[in-house]
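Heads up: the structure comes next, in structure tokens.
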Amino acid sequence: MTALDDVDITKVIRNTGAVGYISKPFQPNEVIASIQNYLEC
């Protein structure tokens, strides 16, 4: 989770092995959906 919301930052985060990306401010349902998707993998 990060306060940064930039396309270049998103690429760097994903290239370092992150399985998800949620920028702040976030909605609780976004966090829950992201966790559920990760657990299903």
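Under the numbering used here, the letters of the sequence shown match residues 8 to 48, in that order.
Even glycine gets a Cβ: it sits at the ideal position worked out from N, Cα and C.
Owing to the predicted nature of the structure, the values given are computational and were not obtained by experimental measurement.
- Query: Whole-angstrom Cβ separation of V26 and Y45, contact assumed at under 8 Å?
  - Reply: Correct: roughly 6 Å between the Cβ atoms.
- Look at the alpha carbon of I42 and the alpha carbon of D15, and state the distance between them as a whole number of angstroms. 23 Å
- Contacting residues, own chain, Cβ-Cβ under 7 Å from Q34 (five flanking each side not counted): none
- Message: Tell me which residue opens and which closes the alpha helix (DSSP H) that T17 is part of.
- Response: V14 to N22
- Which residues in the same chain have their Cβ closer than 8 Å to the Cβ of E37, if we skip the five residues on either side of it in sequence? I29
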